[in-house]
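Numbering (the working numbering), first residue to last: 5 to 102. For reference, the structure is listed below as structure tokens.
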């Protein structure tokens, strides 16, 4: 993941990515992955809907449906789609719009 970036053209970290996507749709969420992990309503894994935030220790992704997430993965891989939301230990799943 990138450290501290919020720009799609100049570098973006995981929480900057999720924050910018939500901002595009008129929803304001906190800046850091730790803050996002405590924001909104907690959701059970089996109840995830597209747009839910999947929070890990020091990382955050967005569920896009079909068992997939999108996230700012690393400087080398950039923003990517992954096929397993539980590819690492999930700390919390949050629904910021409720």
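Yeah, the Cβ is synthetic: ideal placement off N, Cα and C, and Gly gets one too. It should be emphasised that the depicted structure is a prediction, and the values quoted were computed from it without experimental measurement.
Inset, instruction - List the residues that DSSP assigns as beta-bridge partners of residue 59. - result: 64, 96
Legend entry - Touching by the beta-carbon criterion (3+ pairs, under 8 Å), the stretch 35-55 and the stretch 88-98: yes
Inset, instruction - Quick one: residues in its chain with C-beta nearer than 8 Å to the C-beta of residue 40, no 5 flanking neighbours on either side, listed in chain order? - result: 19, 22, 23, 33, 34, 57, 59, 64, 98, 100
Legend entry - Exposure label - residue 114; buried when at least 16 CB within 10 Å: The requested residue 114 is not part of the displayed model; the chain covers only 5 to 102.
Legend entry - Secondary structure of residue 25, DSSP reduced to three states: Judged by DSSP in its simplified three-state form, residue 25 adopts helix.
Inset, instruction - Please confirm whether residue 25 and residue 52 have their CB atoms less than 8 Å apart. - result: no
Legend entry - Exposure of residue 44, with buried meaning 16 or more beta-carbon neighbours within 10 Å: buried
Legend entry - The beta strand (DSSP E) enclosing residue 82, as first and last residue numbers: 82-86
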